[in-house]
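See below for the structure under consideration.
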Amino acid sequence: MWMDFGFEFVNFYLVPGLVLGCIYALGAVGITLTFGILRFANFAHGELMMTGTYLAWTFGAVVLATTGVVLHPLITAIPAMAGAVVLALLIDRYFYKPFRDAPTIMVVIASFGMMLIVRSAVQVIWGPNQIAFVRGIDKPNAAVREFTQSIDMMLLIPNKHFWIIGGTIVIVLLLHYLLEHTRIGKAMRAVSDSPDLARVTGINVEVVVRATWIVGGMSAVMAGVFLAMDTQTLETTMGFRMLLPMFAAAILGGIGRPFGAVFGGLVIGLAEELVAYPWIGTEPLISPGYKTGVAFAIMVVMLIVRPSGIFKGRTF
Amino acid sequence: MESLLGYMLYVMSLLTAGGIYALLALGLNAQWGFAGLFNVGIAGFVAIGAYTYALLTTAVSPLHLGGFELPLIAGMIAAMITSGLVAAIIGVICIRLRSDYLAIATIGIAEIIKLVLKNETEITNGPRGINKIPRVWEHFSEERFYSSWPLSWISDVPGWEAFFAALPRWWWQPFFALTILLCVYVVYLLLERARKSPWGRMMTAIRENEHAARAAGKDVTGRRIEAFILGAVIMGFAGALLSMHLRLIDPTNTFDPAKMTFLVWVMLIVGGSGNNKGAILGGFLIWTLWSASELLINGTINLITTYIETADVGILRTRAGFLRMLLIGLVLQVILQRNPQGILPESRPAATGNTSHKAGVKGD
C-alpha cells in the first residue's frame, strides 16, 4: 500500500506542496496586512521579497569572500530583513505616502510602477541572470529516512524542507503573539477593522503603517529566502511569479486576516502540487505547466462565490 | 541620399510602432479614462489579438494550428472579437468588485494567456512562436497573394514578379505607416464620438460618483463591462497590427508585461488620462523617447569602446535596457505625484463653453 501509493504521493507531492504552501503563506501575510491596513493591493510586494533575497545572498557572499565562513541562509536573512524593511519604509515614504488621502487607485498605480522600478534596479545591480543561492544537492535527512524505513513508511525529506516548515511555524507563532498580545499588534488589527474608529481612540495610524511595513517586509524576506533555499536559485522574476499565488492566498483567506492568509497559502501551495498528481489514470491530472493557473482559478472562483474569503475578511 | 533614406525609414518605423502604441493607449483610455477600470493585463489582450490574427492569416504550417490563410481583414476582425470575448468574461466576474480586484484579475489573466500560449504547442508552436505573419501592403509581394484574387485579376504571376522586383525593398513601409496612422485616426474619431455621446457622459458620471449614477437609474455594472470590452477590442486590434509589424511573435519576449502593459500605462498617464488626444500624444511621445534612448545608450556604449578599447562593455550592454525601464518608471511616479492630469488634461463634454474643468481623480 505504502510503496504503491503513499511513497510517491507523500514524498513527491504532499511534502513539496506543504513547503510551497509555507512560502506562499509567509508572502501572503504581508499582502493581506498592507491590503487590510493601508487598503490597497501592493503589487511591489513580490519585488520586495525578491530584493530581500538578493540582499541575503549578497551578505552571505561577502562574508564568504572576506572570512571564508559559509553562513546558513537563515542567518543571512537577518541583515537582509533589515535592508528590506528600510527599502519598504523608503518606498512608503516617497512613493505611497503622497497618495494617502487620494483615491486608493492612485497608490495602486504607484505600487504597480514600483514593481517595475525595483525589479529594474535589481536587474541593473545584480544582472538579469540566475544566481546559485545554495550550492550542492541537499540529500534527504538520513535519520528520518532510516526511522521511517524501519516502520515501512520511508520519507525522503531534505533538511531544507525541515527548515522551511519549521521556520514557518515559528514565524506564524511569533506573528500570532504580536497581533494578539502586544499593543502595536492590537492597534494594527484595530486600524484594519476601522481606521476612523482607531484614529478616534487615539491610535497613531502612521506608527501602525510603519509597523505594517516592518512585519510585511520581514515576512516577505523570509518567504523569499525559503523559496531560494527550496529552488536553490535566485532569479529577478521570482517575485513576480509569486505575486499571483500570494494574492490568491490573501483573497482565499480573507483580506486583512493574516491567519487566513497562512491558511490560504497552504491551500494554494498544496493545490498547485497536488493537481499534477495522476489522480485519474497515469497522466498528471493537470499538466505541471499550468501550476500558476491553479492559483488563479481558485482566486477567480473565490471572487465569484465569496469575495470576502473563507475567514470573512474585508470586501471593498 | 542613402542616409536621408535611412532617417526616413527610421521615422516610418517610429510612426508605425508609435501608432500601434497610441492605439493601445486609446484602448486603455476607454477603460481607465472613461470608466476608471484598472486593467494591468494589456499584454494579455494584445497577445490574444496577435495570436488570433497570426493563426488565421498565415500560410498552412506544420508547426502550429492552421494557418488558415484567411483574408487579412477577417483576421483583424476575429482578433477584435476574441479579445472582446475574453474581456466580457473577466468583466462579468470582476467588475462589480473594487478596482484592486480587477487589477489582480487582469494581471492574472495575462499570465494565464501566456501559459496557454506557451504550453499548447500543438496550436501555437509554444515558446518558439509563429513567424511569417502577413503584413498589410507587404503581403502583396508574397506569391500566395499575388497569384490569387484580386491581384491575379489585374496581372499574371510573372507580371507581378517583375513589378515587385522593380520596386525598392522598402516600398511598403510608407503605406504601412500611413495605414496605421489612419487606423489611429478612425479609432480616435469613434472614441471621441463615444465620449461626447450620452453613453460617454454617463460613463463619466459613473466614474465620478457611482452611487449617484446608480440612484439616477443607470446600469453601472453593464456600462462598465461595455467600456471594458470596448477597450479590449481596440487592444486586440492593436495586437493584430503589432503581429503584422513584428512578423514573428512568441509568448514570452513579445508580450513582456513590462514593455507592453507598463509602457502603455506610462503613455496614458503622461499624455493625459480621459483625453483621447492625450492618449495618442502620450503613445507617440513615450515611444519616441523609449526608442531614441535605446539609440542614445547604444551610441554612448560605442563611444566608450572607441576611446577605451580595453573596456568590457558587455555588462553595460545587457543592463542598459533595465536602466531605461527604471528611468521610465520614475517618470511615471513623478507625473503621478506632480501632474496626475497629464500633458493634456481631460475636458468635459458636458461642461458649458469650452472651459476644461479639472476632472478630479478617478477610481474607487
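For the protein sequence lines, the chains are A and E, in the order given. The opening position of the first sequence corresponds to residue 1 in my numbering, with each subsequent residue numbered one higher. The opening position of the second sequence corresponds to residue 1001 in my numbering, with each subsequent residue numbered one higher. From the three backbone atoms N, C-alpha and C, an ideal C-beta is built for every residue, glycine too.
Original post:
Is it true that the region 286-301 of chain A meets the region 60-74 of chain A, where meeting means three or more beta-carbon pairs spaced less than 8 Å apart?
Top reply: no
Subject >> Backbone secondary structure at A:Pro-245 - three-state DSSP >> reply: helix
Subject >> Near-chain A residues of the region 1084-1111 of chain E - C-beta to any C-beta below 8 Å >> reply: Ile-1093, Cys-1094, Leu-1097, Arg-1098, Ser-1099, Asp-1100, Tyr-1101, Ala-1103, Ile-1104, Ala-1105, Ile-1107, Gly-1108, Ile-1109 and Glu-1111
Original post:
Can you list the residues of chain E that A:Leu-116 reaches, using a CB-CB cut of under 7 Å?
Top reply: Ala-1258, Phe-1262, Met-1325 and Gly-1329
Subject >> Cβ-Cβ distance between A:Ala-223 and A:Leu-26 below 8 Å >> reply: yes
Subject >> Inter-residue spacing [alpha-carbon to alpha-carbon] between E:Arg-1319 and A:Trp-57 >> reply: 20 Å
Original post:
Should the region 1242-1254 of chain E be called in touch with the region 295-303 of chain A, which here means at least 3 C-beta pairs below 8 Å?
Top reply: no
Original post:
Using a C-beta to C-beta distance shorter than 7 Å, which residues of chain E count as neighbours of A:Gly-27?
Top reply: Those within 7 Å of A:Gly-27 in chain E number zero; the least Cβ separation is about 14 Å.
**OP:** Could you list the residues in the region 1014-1048 of chain E with a C-beta less than 8 Å from some C-beta on chain A, going in chain order?
**Re:** Gly-1036, Phe-1038 and Val-1040
Subject >> Inter-residue CB distance, A:Phe-263 and A:Gly-253 (contact presumed, cutoff 8 Å) >> reply: 5 Å
Original post:
Would DSSP call E:Leu-1189 helix, strand or coil?
Top reply: helix
**OP:** Provide the residue span of the alpha helix (DSSP H) that contains A:His-302, from first to last.
**Re:** With the sequence shown as reference, residue 302 of chain A is identified as Met, and His is not the correct amino acid for it. Looking at the DSSP string, the run of the alpha helix (DSSP H) that includes A:Met-302 is 291-305.
Subject >> Cutoff 8 Å: A:Ala-121 Cβ touching any chain E Cβ >> reply: yes
**OP:** Mind listing, in chain order, the continuous alpha helix (DSSP H) runs of no fewer than 4 residues lying wholly within the region 1299-1354 of chain E?
**Re:** 1314-1338
Subject >> Where A:Pro-98 sits in the DSSP three-state scheme >> reply: helix
**OP:** With a floor of 4 residues, list each alpha helix (DSSP H) that falls wholly inside the region 146-213 of chain A, ordered by position along the chain.
**Re:** 159-181, 183-193 and 195-200
**OP:** Note down, in chain order, each residue of its chain lying with its Cβ closer than 8 Å to the Cβ of E:Gly-1342, except the 5 sequence neighbours on either side.
**Re:** Leu-1268, Ile-1269, Val-1270, Gly-1271, Gly-1272, Ser-1273, Asn-1275, Gly-1278, Gly-1282 and Ile-1335
Original post:
Grouping DSSP H, G and I as helix and E and B as strand, with all else coil, what is E:Thr-1082?
Top reply: helix
Subject >> Sheet register partners of A:Thr-233 (DSSP bridge) >> reply: A:Ala-132
Original post:
Nearest to A:Leu-266 by CA position, among A:Val-86, A:Pro-284, A:Tyr-277 and A:Phe-247, is which residue?
Top reply: A:Phe-247
Subject >> Same chain only: Cβ atoms within 6 Å of E:Leu-1085, ignoring 5 sequence neighbours per side >> reply: none
Subject >> Three-state class that DSSP yields for A:Ile-137 in the structure shown >> reply: coil
Original post:
Relative to the alpha-carbon of A:Leu-74, which residue among A:Pro-103, A:Ile-203, A:Glu-235 and A:Asn-159 has its alpha-carbon at the smallest distance?
Top reply: A:Asn-159
Original post:
In whole angstroms, what separates the C-alpha of E:Ala-1059 from that of E:Thr-1016?
Top reply: 24 Å
**OP:** Just mark A:Leu-173 as buried or exposed, buried being the case when its beta carbon has 16 or more other beta carbons within 10 Å.
**Re:** exposed
Original post:
Got a sec, what are the start and stop residues for the alpha helix (DSSP H) A:Met-81 sits in?
Top reply: 73-91
**OP:** Inspect the beta-carbon positions of E:Met-1080 and E:Gly-1231 and report whether they are closer than 8 Å.
**Re:** no
Subject >> Rounded straight-line distance, which links the Cα of A:Ile-23 to that of A:Ile-317 >> reply: As shown, chain A starts at 1 and ends at 316. That puts residue 317 of chain A outside it, with no answer to give.
**OP:** List the endpoints of the continuous alpha helix (DSSP H) containing E:Lys-1132.
**Re:** E:Lys-1132 -> no alpha helix (DSSP H), and no H or E assigned at all.
Subject >> chain E contact for A:Ser-287 (CB, 8 Å cutoff) >> reply: yes
Original post:
Taking Cβ-Cβ distances shorter than 8 Å, what residues in chain A pair up with E:Leu-1065?
Top reply: Under the 8 Å cutoff, chain A gives no residues; its nearest Cβ is about 18 Å from E:Leu-1065.
Subject >> Option in E:Gly-1036, E:Ile-1130, E:Gly-1314 and E:Arg-1135 with minimal Cα separation from E:Asp-1100 >> reply: E:Gly-1036
**OP:** Report, in whole angstroms, the separation of the C-beta atoms of A:Val-85 and A:Trp-213, which I expect to be a contact under 8 Å.
**Re:** 7 Å
Original post:
Taking only beta-carbon atoms, is A:Val-10 less than 8 Å away from chain E?
Top reply: no
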